[in-house]
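Throughout the sequence shown, residue numbering follows mature numbering (1 follows the signal peptide of the UniProt record, and there is no 0), covering -20 to -1, 1 to 191 in sequence.
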Amino acid sequence: MRSMTVLTCLLLALATVLWPSRSPGSGAPGRLGWTPPRGQVERAGGRAPPLAAFRTRWPVRQRDLAATEDVADALVLISLALRAGLPLVEALQHVQSGAVGRVRVELGAVVAALRWGCSAHEAWSYAGARWRAAALATHLAEQTGAAPSALIERAAGRLREERERERERAAARAGVLLVLPLGLGFLPAFACTAVVPVVLSLATGVLESGA
C-alpha cells in the first residue's frame, strides 16, 4: 500500500514537471495550434518558425490553387468555343462574359488588346503570368498553323496537373509539420503512463527485496 502511494506521488510530480506551461511572453494558441512569440520571431531574423509560417502561407496557397483551377476551366471553355468555329476574339469574349472575378477582368484585357490590333502573344501578356500557357499555345498556333483549340486544351490539362502536384506537395508539407507538435504532445503522456510506472514498479520491488 505504501509503495502504491509513493508511486502515485511520483507520477503526479513527474506530470507536473513535464506538463507544458506557457510563460507570460509566449505566444497565444491560434486556430491551428501555436503562434510564435514576438521575441522568438525577432531572434530568428524576423522569420516565423516553420509551423507558424505554414499556417500563414496556407490560405495564400489555397487561393493560388483556386485561381489556377479557374484559369484551367476558362481555357477549356475557350477551346470548346474555338472548336465550334468562333474566332479567337469572339471565343474569348463569350467566355469572358460568363466569367467572374479576376478571370473576367484579365480576359477582358486580352479581348481589348486583340481588338486594338495586338498580336495574340502580346495580348495575353496583359492578362498576367497565370495565362502564360495560353499565350504559348496561341503563339504556337500562329507560328505552325496548328489548331489553337487542341493546344489550349492541352495547356488546361497541364495547369490541372500542376495544381494536383501542388496539392500533393502541400499535403506532404502539412504532414511533416504536424508530426513534431503531435510527438511532443504524446511523448510525455506515453512516458507517464507506460515507461515511468514500469520503472518505478521495478525499482520498488528491488528496494523492498533488498530491505
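The beta carbon of each residue, even a glycine, is placed where N, CA and C say it ideally should be. Bear in mind that the values here come from a model prediction, so they are computed numbers and not experimental data.
Quick check on the burial criterion: 16 or more other C-beta atoms within 10 angstroms. Buried or exposed for Leu87?
buried
Along the chain, which unbroken stretches of the alpha helix (DSSP H) at least 4 residues long are found entirely within the stretch 83 to 126?
100 to 105, 112 to 124
Hey, could you find the ends of the alpha helix (DSSP H) Leu157 is sitting in?
128 to 170
CB contact flag (Ala61, Val51, <8 Å):
no
Any idea what DSSP makes of Val80, helix, strand or coil?
coil
Is the distance from the Cβ of Ala54 to the Cβ of Ala79 below 8 Å?
yes
So, with DSSP's three-state summary, where would you put Leu66?
coil
At the level of alpha carbons, what is the spacing between Phe170 and Arg145?
36 Å
Looking only at C-alpha atoms, which of Arg84, Leu167, Gly163, Leu160 sits nearest to Gly108?
Arg84
Pro161 to Ser181, Cα distance in whole Å?
30 Å
Would you please state the rounded distance, in angstroms, between the beta carbons of Ala127 and Ala121? I believe it to be under 8 Å.
7 Å
Using alpha carbons as the reference points, say which of Leu139, Ala154, Gln73 lies closest to Glu49.
Leu139
For Ala100 and Leu157, what's the separation of their Cα atoms in angstroms?
44 Å
Give every residue of the same chain whose Cβ lies closer than 6 Å to the Cβ of Ala103, excluding the five residues on either side of it in the sequence, and list them in chain order.
Val90, Ala93, Leu94
Closer than 6 Å by C-beta to Ala117: which residues in its own chain qualify, once you throw out the five before and the five after it? Chain order, please.
Leu131, Ile132, Ala135
How long is the line joining the alpha carbons of Pro67 and Ser105, rounded to whole angstroms?
19 Å
If I measure Cβ to Cβ from Ala113 and keep anything under 7 Å in the same chain, skipping five residues before and after, which residues do I get?
Ala135, Arg138, Leu139
Let me know the secondary structure DSSP gives Ala28 once reduced to three states.
Because the pLDDT at Ala28 is just 43, under 50, the model does not fix this residue reliably, and the point stays unresolved.
Pro177 versus Leu167: straight-line alpha-carbon distance, rounded:
15 Å
Exposure of Ala71, with buried meaning 16 or more beta-carbon neighbours within 10 Å:
buried
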